[in-house]
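Asker: One structure, as structure tokens, below. Some questions next.
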Amino acid sequence: MGHPSGSKIQGDILMEAGFTNILSFRDIEIGFKSGKSRHVLLPPLNGSAVKGELIAVIGKNGIGKSTLLRTFAGLQDLIGGNLTIDGENIVDFSRLQLSGKIGYISTEIVKVSNMKVYDLVSLGRFPHTNWLGRINSSDHQMILEAISRTGMADFRTRLISELSDGERQRAMIAMVLAQDAAVMIMDEPTAFLDISSKYEIIHLLNELTRNRNKTVIFSTHDLATAVSQADKIWLLKERGITEGAPEDLMLDGSFETLFDSNKVDFNSSDGSFTVRNTKKGRIYVKGDGNKRYWTEKALIRAGYGISESESEAVVEVPSSTDSTWKCRLDGLNGEFVSVYELVIWLRNKNITSENTSCNYQ
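For the sequence shown, the residue numbers in the working numbering are 139 to 499.
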């Protein structure tokens with residue numbers, strides 16, 4: 139999508155559909171300044187975000203994801219290029235004005251004593267209060283609405299120090315929601331969460347883009363979640379940034395070199411990564427449905443390839459009238475009540491489909 143003609147076509151289509159860029163960057167350089175010297179992390183970057191879009195920023199550790207997000211939030215100086223927020227250059231905003239446009243949540247865990255959820259969320263109204271920072275009735279209603287929308291209504295008077303990681307992250311999102319910024323930037327918002335809390339947060343971010351027309355930009359190492367949930371991905375590599383729908387990046391092979399390793403395989407059909415084990419040959423799995431799917435996954439994990447032909451080794455999964463997995467190999471027979479037993483048997487027998495002729499009967 140970095141090709142000039144592609145960008146022009148994309149821009150025309152977005153305009154026709156009524157979408158407008160809320161954030162746009164052209165040839166920006168990100169990094170660090172120290173006196174007269176500067177350290178640029180990546181080549182000049184180009185990209186954009188429209189209103190109501192969920193964008194995942196992906197890249198290996200140290201590539202510059204956090205630096206990019208901090209630059210967008212005005213917390214780190216732009217070294218070069220042009221960054222616009224809602225059509226205006228970021229350098230023309232005062233810090234107070236910028237806080238009315240962009241909300242930011244870092245990876246740091248909030249640790250404050252004697253602060254309640256309501257008090258934390260009320261900090262989001264600071265850009266909109268008078269010079270004394272007083273909360274009026276309108277501010278109060280927006281605070282309550284933000285707390286309610288993030289599922290924290292029952293925790294309004296709870297101390298921040300008493301919250302779980304997932305609850306604390308919801309409180310932080312409520313604060314940014316109360317800020318009423320058009321762009322919400324989050325650095326690894328699900329990094330410290332359990333699986334349930336992680337998906338609840340991602341669901342919440344999706345709702346904010348769909349129902350509140352917020353633009354949410356978040357960094358993550360969870361490629362599976364990004365691919366399944368994000369509208370757009372900004373993929374950072376040493377040579378720059380690639381942007382596009384997750385499916386576009388799947389189709390053009392952009393993800394395949396994301397983690398350069400001879401020990402990891404990338405499956406472009408479902409976006410998964412698997413450890414590259416020593417291949418022990420190929421096995422045909424006979425059967426249908428979930429049991430076949432998960433049996434194949436287990437065999438791949440154990441180092442086997444999946445054959446499309448019954449001429450090679452065969453494992454049959456349980457049917458509606460049978461509850462066992464079966465494998466018959468020249469003189470070796472096995473019946474198993476679980477996938478675990480099947481894999482352990484294959485491993486202990488050191489069975490490869492090269493050194494045995496395996497035929498199902």
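Glycine included, every Cβ here is placed at the ideal spot set by N, Cα and C.
Looking only at its chain, what residues have a beta carbon closer than 7 Å to the beta carbon of Leu261, apart from the 5 residues adjacent to it on each side?
Answerer: Along the sequence shown, read from residue 1 onward, the residue named residue 261 stands at position 123. Excluding positions up to five away in sequence, the list reads Met313.
Asker: Below 8 Å on the Cβ atoms is my guess for Leu192 versus Val354; work out the distance and round it to an integer in Å.
Answerer: Here residue 192 refers to the residue found at position 54 when the sequence shown is read from its first residue. Here residue 354 refers to the residue found at position 216 when the sequence shown is read from its first residue. Going by Cβ atoms, the distance from Leu192 to Val354 rounds to 5 Å, so yes, they are a contact pair.
Asker: Taking 7 Å as the cut-off, decide whether the C-beta atoms of Leu236 and Gly212 are in contact.
Answerer: Walking along the sequence shown from the start, residue 236 turns up at place 98. Walking along the sequence shown from the start, residue 212 turns up at place 74. Against a cut-off of 7 Å, the Cβ pair of Gly212 and Leu236 comes out as a contact.
Asker: Quick one: what's got a C-beta closer than 7 Å to Lys203's C-beta in the same chain, skipping five residues either side?
Answerer: In the sequence shown, the residue the question calls residue 203 occupies position 65. If we look at Lys203 and ignore the five residues flanking it on each side, its Cβ neighbours are Val195, Gly197, Ser357 and Leu374.
Asker: For the alpha helix (DSSP H) that contains Thr363, what are its first and last residues?
Answerer: As a first step, residue 363 must be located in the sequence shown, where it is residue number 225. Residues Leu361 to Gln367.
Asker: Taking 6 Å as the cut-off, is the CB of Arg439 close to at least one heavy atom of the ligand HEM?
Answerer: No copy of the ligand HEM occurs in the structure displayed, which carries no ligand at all.
Asker: Report the three-state DSSP secondary structure of Leu389 (helix, strand or coil).
Answerer: Translated into positions along the sequence shown, residue 389 becomes position 251. The answer is helix: DSSP assigns Leu389 an H, G or I state.
Asker: Do you know offhand how far Glu479's Cα is from Ala291's?
Answerer: Position 341 of the sequence shown, counted from the start, is the residue given in the question as residue 479. Position 153 of the sequence shown, counted from the start, is the residue given in the question as residue 291. So the two alpha carbons sit approximately 48 Å from each other.
Asker: Does DSSP put Phe210 in a helix, in a strand, or in coil?
Answerer: Taking the first residue of the sequence shown as position 1, residue 210 is located at position 72. In the structure shown, Phe210 sits in a helix (DSSP, three-state: H, G or I).
Asker: Ordered along the chain, which non-local residues of its own chain (more than five positions away) have a Cβ less than 8 Å from that of Leu331?
Answerer: For this step, residue 331 is matched to residue 193 along the sequence shown. Here the set comprises Asp303, Gly304, Gln307 and Ile339.
Asker: Assign Asn317 to one of two classes, buried (16 or more other C-beta atoms within 10 Å of its C-beta) or exposed (fewer than that).
Answerer: On the sequence shown, residue 317 is found 179 positions in, with the first residue counted as 1. The sequence as given places Gln at residue 317; Asn does not occur at that position. Flag for Gln317 reads buried.
Asker: Nearest-angstrom Cα distance between Gly219 and Asn227?
Answerer: Here residue 219 corresponds to residue number 81 of the sequence shown, with the count starting at 1. Here residue 227 corresponds to residue number 89 of the sequence shown, with the count starting at 1. Distance between the alpha carbons of Gly219 and Asn227: 10 Å.
Asker: The alpha helix (DSSP H) spanning Gly427 covers which residue range?
Answerer: The residue given as residue 427 occupies position 289 in the sequence shown. From DSSP, the alpha helix (DSSP H) with Gly427 extends over Gly427 to Arg439.
Asker: Compare the Cα-Cα distances from Ser410 to each of Val455, Lys418 and Ala364 and report the closest residue.
Answerer: Looking up residue 410 in the sequence shown gives position 272. For Ser410, the nearest C-alpha among the options comes from Ala364.
Asker: Tell me the DSSP bridge mates of Gly218?
Answerer: Position 80 of the sequence shown, counted from the start, is the residue given in the question as residue 218. In the DSSP output, where bridge partners are listed per residue, Gly218 has Glu167.
Asker: Gly289 lies in the alpha helix (DSSP H); which residues open and close that run?
Answerer: For the purposes of this step, residue 289 is identified with residue 151 of the sequence shown, where counting begins at 1. Gly289 -> no alpha helix (DSSP H), and no H or E assigned at all.
Asker: Quick check on Tyr242: does DSSP put it in helix, strand or coil?
Answerer: Taking the first residue of the sequence shown as 1, we reach residue 242 at position 104. Residue state, collapsed to three classes: strand.
Asker: When you compare each of Met280, Pro182 and Thr328 to Ile247 by their alpha carbons, which one comes out closest?
Answerer: Position 109 of the sequence shown, counted from the start, is the residue given in the question as residue 247. Comparing Cα-Cα distances from Ile247 to each of Met280, Pro182 and Thr328, the minimum goes to Thr328.
Asker: Taking C-alpha atoms, which residue in Lys254, Lys424 and Phe404 lies nearest to Pro456?
Answerer: Locating residue 456 in the sequence shown gives position 318, where the first residue counts as 1. Checking every option, the nearest Cα to that of Pro456 belongs to Lys424.
Asker: Are the beta-carbon atoms belonging to Lys418 and Ala320 less than 7 Å from one another?
Answerer: Here residue 418 refers to the residue found at position 280 when the sequence shown is read from its first residue. Here residue 320 refers to the residue found at position 182 when the sequence shown is read from its first residue. Cβ atoms of Lys418 and Ala320: not closer than 7 Å.
Asker: Less than 8 Å between the CB atoms is what I'm expecting for Ile379 and Gly185, so what's the real figure, rounded?
Answerer: As a position in the sequence shown, residue 379 is number 241, starting the count at 1. As a position in the sequence shown, residue 185 is number 47, starting the count at 1. Indeed, because the Cβ distance is near 6 Å, the residues count as touching under 8 Å.
Asker: Since Asp403 and Thr412 are thought to touch, with beta carbons under 8 Å apart, how far apart are those beta carbons, to the nearest angstrom?
Answerer: For the purposes of this step, residue 403 is taken as the residue at position 265 of the sequence shown. For the purposes of this step, residue 412 is taken as the residue at position 274 of the sequence shown. So it is a contact: roughly 5 Å between Cβ atoms.
Asker: Tell me the DSSP bridge mates of Lys254?
Answerer: Walking along the sequence shown from the start, residue 254 turns up at place 116. For Lys254, which the question treats as bridged, DSSP gives the partners Leu297.
Asker: Let me confirm a value: Pro181 is counted as buried when at least 16 other C-beta atoms fall within 10 Å, else exposed. Which label applies?
Answerer: Along the sequence shown, read from residue 1 onward, the residue named residue 181 stands at position 43. Exposed: under 16 other Cβ atoms inside 10 Å.
Asker: Alpha carbon to alpha carbon, how far is Pro384 from Leu301?
Answerer: Here the question's residue 384 lines up with position 246 in the sequence shown. Here the question's residue 301 lines up with position 163 in the sequence shown. Taking the straight line from one Cα to the other gives about 34 Å.
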